[in-house]
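Numbering (UniProt numbering), first residue to last: 1 to 236. Here is the structure we will look at.
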């Protein structure tokens, strides 16, 4: 590929900024100065900018602990998105969240520019499990567990697949519960609508697992980590 595309893809700068670096004479390929942005370069070549090596990596993967109040989107005219939480050097071309978490939902969110992985994790026929932890207004009991396990039909006729519901805490006095729920779908406001169907309300919702990706307990809200290619192989 062209050296200007190589460097732009690696977030060294925009094409215009990369052209300026080449003109300045600080870009080398295999120890030879680059004279034109059209110069072809291979991923195996040694590329330096101001003496710093720029290794090429086609795809990037970040696991974020999404905070409340941020949209799971690439851009929005009036509200902050998860992309705005990435450092400037990590905003690679094509980076996007895998699926959506509601604005007020927290927890595990994968961001990548690997479109194929994005598709595979979201495809309905792949049956990728997602586990959430939630605080519920209402007392979740054995009947609720059975109802969810059978698969429910929402008021608008939407049929949902069986879900595994685990009761973590019941508080009869304050009429509230803490639960974990495993689903294999990702329909609009699904968990909130499920509890609404049994006359309860989700007060707080956090995704803690997606497939074999688990939210690290020490990852603070709004922070993220880059996943190794080895880890991604295990996901795939």
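Glycine is no exception: its CB is placed at the ideal position from the N, C-alpha and C atoms.
Item to check | First through last residue of the alpha helix (DSSP H) which encompasses residue 182 | outcome: Per DSSP, residue 182 belongs to no alpha helix (DSSP H); it is in the beta strand (DSSP E), 176 to 183.
Item to check | Separation of residue 208 from residue 22, as counted between CA atoms | outcome: 45 Å
Item to check | Where the alpha helix (DSSP H) through residue 202 begins and ends | outcome: Run containing residue 202: none in the alpha helix (DSSP H); it sits in the beta strand (DSSP E), 201 to 210.
Item to check | Rounded straight-line distance, which links the Cα of residue 46 to that of residue 234 | outcome: 29 Å
Checklist entry - Using CA coordinates, which residue listed in 211, 223, 220 and 222 is at the minimum distance from residue 232? => result 211
Next on the checklist: Given a cut-off of 8 Å on the beta-carbon distance, is the pair residue 12 and residue 41 in contact?
Outcome noted: no
Next on the checklist: By DSSP's criteria, residue 170 is part of a beta bridge. Which residues make up the other side?
Outcome noted: 177
Item to check | Uninterrupted beta strand (DSSP E) stretches inside the stretch 39 to 112 (no shorter than 3 residues) | outcome: 47 to 49, 61 to 66 and 106 to 112
Item to check | Span separating the alpha-carbon of residue 127 from that of residue 20 | outcome: 48 Å
Item to check | Span of the beta strand (DSSP E), counted from its first residue to its last, around residue 15 | outcome: Per DSSP, residue 15 belongs to no beta strand (DSSP E); it is in the alpha helix (DSSP H), 15 to 24.
Item to check | CA nearest to the CA of residue 116, picked from 109, 131 and 94 | outcome: 94
Checklist entry - Just how far apart, CA to CA, sit residue 165 and residue 71? => result 27 Å
Item to check | Start-to-end residues for the beta strand (DSSP E) that takes in residue 134 | outcome: 130 to 137
Checklist entry - Between the beta-carbon of residue 63 and the beta-carbon of residue 108, is there less than 8 Å? => result yes
Item to check | Rounded straight-line distance, which links the Cα of residue 44 to that of residue 206 | outcome: 41 Å
Item to check | Sequence-distant residues of its chain with Cβ nearer than 7 Å to residue 67 (five each side left out) | outcome: 106, 221 and 222
Next on the checklist: Would you call the stretch 166 to 180 in contact with the stretch 84 to 104, where contact means no fewer than 3 C-beta pairs closer than 8 Å?
Outcome noted: no
Checklist entry - Do the CB positions of residue 139 and residue 177 come within less than 8 Å of each other? => result yes
Item to check | Backbone CA spacing between residue 79 and residue 69 [nearest angstrom] | outcome: 9 Å
Next on the checklist: So residue 191 and residue 198 are supposed to be a Cβ contact under 8 Å. How far apart are they, rounded?
Outcome noted: The Cβ separation is near 12 Å, so there is no contact.
Item to check | Distance, residue 85 Cα to residue 76 Cα | outcome: 13 Å
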